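Structure first, commentary second.
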Ligand code: MN
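Here you go:
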């Protein structure tokens, strides 16, 4: 299904027989139907595919055994019952689309399948979420011109944006093995990274725990069908190779990054952990929220032909509201709720999803089903839209004041950082992404 096209599954009038899906607050109404992998918490069963609906998960393996689906939807549900979603991701997009339509019909009020499907539900509170795919490769882009300008300006006040930025989608090849799922109820806990740093006033490099540990508010794009090595995916086909979208925190040790990043880019500064949200919202579910690509200011270069199409200009953007929240140990002890640090929107990204895919493959690089592309930190133009602590505290110079009187320049041990996302549009039901959360543990002893 191509972007911008809505169908029966997006109908805002549809309600589910799962009550919690209809309360207007759930991230997972009937119009969303994101996919993930799960198992009963505390069990050592294999992970298996599931679909979020309200506060429940429809167990796809159980649904297959109960013969709830037929035709293409049954085939899709069977391959999505595996411990990872790679096979479904790599299949013809029509297969996942058939499953979405069947799920919408089975889970909606009045379905004749309600009784059998109800027996296949697992409460989210009883489930442990897994990494939704075997991630062969992880690439992280740098697609917010506001983030690029802010961070560049800290190092080069006279020349914040490098001359390539508006011509070429910049990225680095990241580390797939340290990507984990984390949520606010089960955050990814990881030790503060240790490494070499070189403070400006130190005569030489130091070794020790990072003192400038940061997060990055990002969107994750999951590759569906891949391409063979030596071929390319043109911009017109690019979105048909993207399975779906989730949230991604590219944890970054800024002091390690500052010393190591030249000339080959980030290495230990970003390879120790990456946290993702567990539910993948399909591109089909996101059709109502597609919007124009970011409007380039007068005087900016237009994208080269391989990165440009009329459709991309008109519909290449995604109106996805993003939010960052922080829970400190002191707030946790006081029973206080996490506080919002900032909020931004993926529609302000300088480069689009289709441009990421077209650029990544233009030289013949092969993408594979389950590969993950990070959008890069999504910052908007104003301070309340900055997607990292590096920007919010302006390189550590301006401490962030929290409502309980605490301050932060970077993350401290015990801090839990939560990313949220949601899409809203007049005439459609709001759909959410759940959350991605991680907690910083003390550094391992040296
Ligand atoms: Mn990043």
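In the working numbering, the protein residues as written are 278 to 723. By construction, the Cβ of each residue, glycine as well, lies at the ideal position given by its N, Cα and C atoms. Predicted model only: the values in this text are computed from it and were never measured.
Nearest in C-alpha terms to residue 317, of all of 385, 405, 328, is 405. Each residue's CA atom was taken as its position, placing residue 335 and residue 598 some 26 Å apart.
Between the segment 419-426 and the segment 618-627, the count of C-beta pairs closer than 8 Å reaches three or more; the two stretches touch.
At least one heavy atom of ligand 1 falls within 6 Å of the beta-carbon of residue 417.
If the five residues before and after residue 520 are omitted, its C-beta is found closer than 6 Å to the C-beta atoms of 366, 499, 501, all from its own chain and listed in chain order. Counting only runs of at least 4 residues, the segment 421-467 fully encloses the following alpha helix (DSSP H) elements, listed from N- to C-terminal order: 422-432.
With a 10 Å radius around the Cβ and a threshold of 16 neighbouring Cβ atoms, residue 695 comes out buried. Around the beta carbon of residue 296, a 10 Å sphere encloses fewer than 16 other beta carbons of the protein chains shown; the residue is thus reported as exposed. Taken from the Cβ of residue 493, at least one heavy atom of ligand 1 lies inside 6 Å. In this structure, the C-beta of residue 414 stays at least 6 Å away from each heavy atom of ligand 1. Inter-segment contact for the segment 525-537 and the segment 467-478 is present: three or more beta-carbon pairs are separated by less than 8 Å.
For the pair residue 563 and residue 343, the Cα-to-Cα distance works out to about 29 Å. Boundaries of the alpha helix (DSSP H) harbouring residue 355: 348-356, taken from the DSSP string.
Following the DSSP letters along the chain, one finds residue 364 inside the alpha helix (DSSP H) bounded by residues 363-367.
Residue 449 and residue 650 have their C-alpha atoms roughly 10 Å apart.
Residue range 312-317 is occupied by the beta strand (DSSP E) that includes residue 315, with no alpha helix (DSSP H) assigned at that position. Shortest gap from the CB of residue 648 to any heavy atom of ligand 1: 6 Å or more. For residue 286, the number of other beta carbons within 10 angstroms of its own is at least 16, and it is reported as buried. For ligand 1, no non-hydrogen atom lies closer than 6 Å to the CB of residue 459. Bounds of the beta strand (DSSP E) holding residue 496 are 494-500. For the pair of segments examined, the segment 512-526 was found to touch the segment 581-588: the number of CB pairs separated by less than 8 Å reaches three. Excluding residues up to 5 positions away in sequence, 431 lie with their Cβ nearer than 7 Å to the Cβ of residue 672 in the same chain. Secondary structure in the segment 627-691: the alpha helix (DSSP H) runs of 4 residues or longer, each lying completely within the stretch, are 630-638, 666-669 in chain order.
Note on geometry: alpha-carbon atoms of residue 331 and residue 299 lie some 7 Å from one another. In the structure shown, residue 510 falls within a coil segment according to DSSP collapsed to helix, strand and coil.
Per DSSP, residue 706 lies in no alpha helix (DSSP H) segment and is marked neither H nor E.
Counting along the chain, residue 624 sits inside no beta strand (DSSP E), nor does DSSP assign it H or E at all. Residue 533 carries a helical assignment under DSSP once its states are collapsed to helix, strand and coil.
Sixteen is the threshold: when 16 or more other Cβ atoms of the shown chains lie within 10 Å of the Cβ of residue 394, as they do, the residue is buried. Under the three-state reduction of DSSP output, residue 293 falls in the strand class. If you ignore the 5 residues before and after residue 635, its C-beta comes within less than 7 Å of the C-beta of 510, 511, 512, 515, 583, 584, all in its own chain and listed in chain order. Counting C-beta pairs with one atom in each stretch, the segment 701-719 and the segment 452-467 have three or more that are closer than 8 Å, which means they touch. Shortest gap from the CB of residue 657 to any heavy atom of ligand 1: 6 Å or more.
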